[in-house]
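Numbering (UniProt numbering), first residue to last: 1 to 142. We treat Cβ as the ideally placed atom computed from N, Cα and C, and that holds for glycine. The block underneath contains the structure these notes are about, expressed in structure tokens.
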Amino acid sequence: MYVKTILDEKGRNVVTGGPQLTVKQAAVYLHENHIGAIVIVDRNDRIAGIVTERDIVAAVARNGAECLDKPISSIMWGNVYRCGEDQTVDDLMEMMSKLRARHIPVEKEGRLIGIISIGDVVKSHIRAIKHEADAIKAYIAS
Numbered sequence: 001m002y003v004k005t006i007l008d009e010k011g012r013n014v015v016t017g018g019p020q021l022t023v024k025q026a027a028v029y030l031h032e033n034h035i036g037a038i039v040i041v042d043r044n045d046r047i048a049g050i051v052t053e054r055d056i057v058a059a060v061a062r063n064g065a066e067c068l069d070k071p072i073s074s075i076m077w078g079n080v081y082r083c084g085e086d087q088t089v090d091d092l093m094e095m096m097s098k099l100r101a102r103h104i105p106v107e108k109e110g111r112l113i114g115i116i117s118i119g120d121v122v123k124s125h126i127r128a129i130k131h132e133a134d135a136i137k138a139y140i141a142s
């Protein structure tokens, strides 16, 4: 299975923000959209960074509530791990595990086209196992 398959099933919508977004606004976006990460993009929809719930909690723990008014660029990860839609899910799982990353943006020709979370990977893996089990049951029954 490929990343493209997961994106085709779940959709390609990604909550994004610009580097001028404040930490507080990012926290609101995360909460309102029930997501764990926001991809920060430049004016050309190129990935400039990523910020997660953990990043915001760490910033508040380090700097107190005053960090909430700072730009998201002050706490985001600028060196974003990413993948292409032609990457296999097995490769993506290995990448996520090795890098301890829960969210990987997907890009094509340098532009953001989706995001894959560890939850998306687990769901696709469970579906594949269920499909295989159903096929084996059907084979045995015939």
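Asked                                                                                                                                                                          : Found
Quick one: grab the DSSP three-state call for A138.                                                                                                                            : helix
Does the segment 2-22 come into contact with the segment 113-128, if we say contact requires no fewer than three beta-carbon pairs (one atom in each stretch) closer than 8 Å? : yes
Quick check on DSSP: helix, strand or coil for R127?                                                                                                                           : helix
Which one or two residues does DSSP pair with R111 in a beta bridge?                                                                                                           : K108
Have a look at L30 and D55 and give me their C-alpha separation to the nearest angstrom.                                                                                       : 12 Å
Tell me whether I6 sits in a helix, a strand or coil according to DSSP, three-state version.                                                                                   : helix
Less than 8 Å between the beta carbons of R82 and I47, yes or no?                                                                                                              : yes
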